[in-house]
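K.L.:
Protein chains in written order, with the UniProt record's numbering: chain A, 1 to 176; chain H, 1 to 318. My questions all concern the structure below.
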Amino acid sequence: MGPAFFIAAAIAVFSTLMVITRYNIMHALLYLVVSFLSIAVIFYLYGAPFMAALEVIVYAGAIMVLIIFFVMMLNLGPQTASEERLWLTPRIWIGPSLLCVVLLVELGYLILLPSEPVDEIVTVDPKAVGLSLFGPYVLAVELAGMLLMAGIVGAYHLGRQKKKITHRFLEKTAEE
Amino acid sequence: MQQAVNYWWIIGGVLFVLLNTAAGLIWLERRMLALWQDRYGPNRAGPFGLFIVLADTIKLFFKEDWIPPFADKIVFVFAPAVVVASVLMSFAVIPFGPNVLVADFNIGLLFFLAMSSIGVYSVVLGGWASNNKYSLLGAMRGASQMISYEVFMGLALMGVVLLSGTFNLREIVEAQRGMWYIIPQFLGFVIFLIAGVAETHRLPFDIPEAESELVAGFHAEYSGMKFGMFFIGEYLGITLVSSMIVTLYFGGWLGPAFLPGVVWFILKTFVFISLFILLRASMPRPRYDQLMEYGWKVLFPLSLLNLLATAAIILILK
Chain A
1 MGPAFFIAAA IAVFSTLMVI TRYNIMHALL YLVVSFLSIA VIFYLYGAPF
51 MAALEVIVYA GAIMVLIIFF VMMLNLGPQT ASEERLWLTP RIWIGPSLLC
101 VVLLVELGYL ILLPSEPVDE IVTVDPKAVG LSLFGPYVLA VELAGMLLMA
151 GIVGAYHLGR QKKKITHRFL EKTAEE
Chain H
1 MQQAVNYWWI IGGVLFVLLN TAAGLIWLER RMLALWQDRY GPNRAGPFGL
51 FIVLADTIKL FFKEDWIPPF ADKIVFVFAP AVVVASVLMS FAVIPFGPNV
101 LVADFNIGLL FFLAMSSIGV YSVVLGGWAS NNKYSLLGAM RGASQMISYE
151 VFMGLALMGV VLLSGTFNLR EIVEAQRGMW YIIPQFLGFV IFLIAGVAET
201 HRLPFDIPEA ESELVAGFHA EYSGMKFGMF FIGEYLGITL VSSMIVTLYF
251 GGWLGPAFLP GVVWFILKTF VFISLFILLR ASMPRPRYDQ LMEYGWKVLF
301 PLSLLNLLAT AAIILILK
């Protein structure tokens, strides 16, 4: 594990913490993008360049833009930030923190366990990813495809509407 | 040691040429637009009016740099930097010549796509942080336009990947020694060109800024060098898409041996930059819904068909 990993990991942890603690949802989303980018760097360092590129293209580049798009449409003003401030009281942190402490203890235990040294990092090239997707994991791909298809059909159903006629002259020609 | 020095030379050289190209394009665009519209354009300062670049730059630097009090300050300042940074990062993977290449990435093409999807943020965040109705509308148009056209862009590129069998741009250029990919991938080229225009939100697809409807769209509140960053980012984007077209479909630096590879690359790229300017001079702007409909109902099926046909032909020939 070189310094590159530790820098990327530190950025990932820090930005994820910022995602949780920001009151302004847009700033939180931007930190989430940074978190995705640092995770992409970690993927790249550990021999998964294809996954790294997809992480940036799909998560940071498409899904996050869509979420930001919807947040923009909701037009949240400063009052949402103050609402958020009211909701995020210290009492709320107790439960999640306890759960995290349990996980932390477990993680420390795993790190302290004497383990076999990790093998050399093997780079998984795009071809290998494609072969495994359409080889052993083809069922998962098909299922994901069906799920997406259902989403598309649903979106089509919600978005379908009759052509609106906005002018009375055009209305007449449309009836004929 | 020698290699490391060369490396820095290449990085410095690429940056120098790119930033100067982006500035020079201001002059080129104004002059060419003028010539196509039967006027002279800027022809007073210096030879052929070239010093207009200097005047424009000085003007941009000395304009008041104003952040509106109602804007989200951090995001407002951050947004223009994103576009320039992401475009400059993409140039790292483009092979300008046989050995003139900053990073020989084995996922170069994907890196280009990733950076262009990061570039969307500058439009979205710039428009949102301005806290202005027109900017917000521009940003929303920009987001949906760029996300949609990215899909066809990626799908159109997959034809090239199928033919060459690699994501590495240098190897893609090498694979075109026999035949440029413009011939087997003509449909892919057309789709990539259209998507490239939409991705750089240039005219005729400058719907995010559409000055006749939205004042100046997502950068309505920007002034001074912050506007300058959007401006330079746009020209850099044109250069990037042109050089990607050259790399992927027109054999990159390949060409008859009487000129070095870099010169061929620059010449070919220049042709496509001029095409971008000609598009601006000659095409009307479509309506927003027309643009989206055209993308999803025409370009999307076409790019899927292109992918299918290419794959089938490759399978048959094997």
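We treat Cβ as the ideally placed atom computed from N, Cα and C, and that holds for glycine. If you're wondering where the values come from, they're calculated on a predicted model, not measured in any experiment.
#1: Run through DSSP, which three-state label would residue 372(H) get?
#2: Starting from His157(A), trace the alpha helix (DSSP H) in both directions and tell me its first and last residue.
#3: Taking contact to mean 3 or more Cβ pairs, one atom from each stretch, closer than 8 Å, check whether the stretch 276–290 of chain H and the stretch 27–46 of chain H are in contact.
#4: Quick one: give me the first and last residue of the alpha helix (DSSP H) that Phe265(H) is part of.
#5: Output, in sequence order along the chain, the residues in the stretch 54–82 of chain A whose CB is closer than 9 Å to any CB in chain H.
#6: Using a threshold of 8 Å, state whether the C-beta atoms of Val122(A) and Gly47(A) are closer than that.
#7: Which residues bound the alpha helix (DSSP H) around Thr166(H)?
#8: Below 7 Å CB to CB, which residues in the same chain sit around Pro284(H) once its five sequence neighbours on both sides are set aside?
#9: Would you mind reading off the limits of the alpha helix (DSSP H) that contains Asp180(H)?
#10: Does the separation of the CB atoms of Pro68(H) and Ile52(H) fall below 8 Å?
#11: I'd like to know if the stretch 181–191 of chain H and the stretch 293–306 of chain H are in contact, where contact means that at least 3 CB-CB pairs between them fall below 8 Å.
#12: Measuring only between beta-carbons, confirm whether Phe36(A) sits less than 8 Å from chain H.
#13: Just verifying my parser: in three-state terms, what is the DSSP assignment at Arg141(H)?
#14: Please tell me whether Phe167(H) has its Cβ less than 8 Å away from any Cβ of chain A.
#15: Give the interface partners of Met110(H) over in chain A, defined as CB-CB distance under 9 Å, in chain order.
#16: Under 9 Å, CB to CB, which of the residues in the stretch 137–159 of chain H have a partner in chain A?
#17: Taking just the CA atoms, how far does Met179(H) sit from Ile313(H)?
#18: If you check the beta carbons only, do Phe167(H) and Gly108(H) fall under 8 Å apart?
#19: Please name the residues in the stretch 73–103 of chain H whose beta-carbon is closer than 9 Å to at least one beta-carbon of chain A, in chain order.
#20: Please decide whether Val298(H) counts as near chain A, where near means a Cβ-Cβ distance under 8 Å.
#21: For the alpha helix (DSSP H) that residue 319(H) lies in, which residues bound it at each end?
#22: Could you tell me the boundaries of the alpha helix (DSSP H) in which Leu107(A) lies?
#23: For Phe5(A), report the span of its alpha helix (DSSP H) as first-last.
#24: If you run the structure through DSSP and keep just helix, strand and coil, what is Val215(H)?
#25: In the structure shown, what three-state DSSP assignment does residue 186(A) receive?
#26: Cβ of Met18(A) less than 8 Å from any chain H Cβ?
#27: Count the CB pairs spanning the stretch 75–93 of chain H and the stretch 123–134 of chain H that are closer than 8 Å, and state whether there are at least three.
#28: At which residues does the alpha helix (DSSP H) containing Ser223(H) begin and terminate?
#29: Just the Cα atoms here: how many angstroms apart are Pro184(H) and Phe230(H)?
#30: Is DSSP giving Thr123(A) helix, strand or coil here?
#31: Ordered along the chain, which non-local residues of its own chain (more than five positions away) have a Cβ less than 8 Å from that of Leu157(H)?
#32: Give every residue of the same chain whose Cβ lies closer than 6 Å to the Cβ of Ser90(H), excluding the five residues on either side of it in the sequence, and list them in chain order.
#33: Considering Cα atoms alone, identify which of Lys268(H), Val271(H), Val262(H) and Tyr288(H) is closest to Gly13(H).
P.N.:
According to the data block:
#1: An answer regarding residue 372(H) cannot be provided, because it is not within the stretch 1 to 318 covered by chain H.
#2: The count along the first sequence starts at 1 and reaches residue 157(A) at position 157. First-last of the alpha helix (DSSP H) with His157(A): Val138 to Gly159.
#3: yes
#4: In the second sequence, the residue the question calls residue 265(H) occupies position 265. Here the alpha helix (DSSP H) through Phe265(H) covers Gly261 to Ser282.
#5: Leu54, Glu55, Val56, Ile57, Val58, Ala60, Gly61, Ala62, Met64, Val65, Leu66, Ile68, Phe69, Val71, Met72, Met73 and Asn75
#6: Taking the first residue of the first sequence as 1, we reach residue 122(A) at position 122. Taking the first residue of the first sequence as 1, we reach residue 47(A) at position 47. It is a contact, given that the beta carbons lie within the stated cut-off.
#7: The residue given as residue 166(H) occupies position 166 in the second sequence. Segment: none, Thr166(H) is in no alpha helix (DSSP H) and carries neither H nor E.
#8: Your numbering for residue 284(H) matches position 284 in the second sequence. Same-chain partners within the cutoff: Pro204.
#9: Sequence index remark: in the second sequence, residue 180(H) carries index 180 (1-based). Reading off the sequence shown, one finds Trp at residue 180(H), where the question assumed Asp. No alpha helix (DSSP H) contains Trp180(H), which DSSP labels as neither H nor E.
#10: Translated into positions along the second sequence, residue 68(H) becomes position 68. Translated into positions along the second sequence, residue 52(H) becomes position 52. Not in contact: Pro68(H) and Ile52(H) (Cβ atoms no closer than 8 Å).
#11: yes
#12: Residue numbering aside, residue 36(A) sits at position 36 when the first sequence is read from its first letter. Cβ-Cβ to chain H under 8 Å: no for Phe36(A).
#13: Along the second sequence, one-based indexing puts residue 141(H) at 141. Three-state result, Arg141(H): helix.
#14: For the purposes of this step, residue 167(H) is taken as the residue at position 167 of the second sequence. Answer yes: the Cβ-Cβ gap between Phe167(H) and chain A drops below 8 Å somewhere.
#15: Taking the second sequence and counting its residues from 1, one reaches residue 110(H) at position 110. The identity of residue 110(H) in the sequence shown is Leu, whereas the question assumes Met. Neighbours of Leu110(H) on chain A, chain order: Pro49, Phe50, Ala52, Ala53, Leu54, Val56, Ile57 and Pro126.
#16: Ala139, Met140, Ala143, Ser144, Met146, Ile147, Glu150, Val151 and Gly154
#17: Looking up residue 313(H) in the second sequence gives position 313. Looking up residue 179(H) in the second sequence gives position 179. Cα to Cα, Ile313(H) sits roughly 16 Å from Met179(H).
#18: The residue labelled residue 167(H) in the question sits at position 167 within the second sequence. The residue labelled residue 108(H) in the question sits at position 108 within the second sequence. In contact: Phe167(H) and Gly108(H) (Cβ atoms closer than 8 Å).
#19: Ile74, Val75 and Phe78
#20: Counted from its first residue, the second sequence places residue 298(H) at position 298. Cβ-Cβ to chain A under 8 Å: no for Val298(H).
#21: In the structure displayed, chain H extends from 1 to 318; residue 319(H) sits before or after that span and is not available.
#22: Working through the first sequence from its first residue, we reach residue 107(A) at position 107. Element bounds for Leu107(A): Pro90 to Leu112.
#23: On the first sequence, residue 5(A) is found 5 positions in, with the first residue counted as 1. Residues Pro3 to Thr21.
#24: Looking up residue 215(H) in the second sequence gives position 215. In this structure, Val215(H) counts as coil in the three-state DSSP scheme.
#25: Nothing can be reported for residue 186(A): it is not among the residues displayed for chain A, which extend from 1 to 176.
#26: To locate residue 18(A), count along the first sequence from 1; it is residue 18. Chain H contact via Cβ: absent.
#27: yes
#28: By one-based count along the second sequence, residue 223(H) stands at place 223. Segment: none, Ser223(H) is in no alpha helix (DSSP H) and carries neither H nor E.
#29: Start at 1 with the first residue of the second sequence, and residue 184(H) comes out as number 184. Start at 1 with the first residue of the second sequence, and residue 230(H) comes out as number 230. Cα-Cα distance, rounded: 36 Å.
#30: Your numbering for residue 123(A) matches position 123 in the first sequence. It is coil, neither helix nor strand.
#31: Within the second sequence, numbered from 1, the residue matching residue 157(H) stands at position 157. These residues qualify, in order along the chain: Leu109, Leu113, Gly188, Phe192 and Leu248.
#32: Counting from 1 along the second sequence, the entry for residue 90(H) is found at position 90. Here the set comprises Phe112, Met115 and Leu240.
#33: Residue mapping note: residue 13(H) aligns to position 13 of the second sequence, counting from 1. Comparing Cα positions, the closest option is Val262(H).
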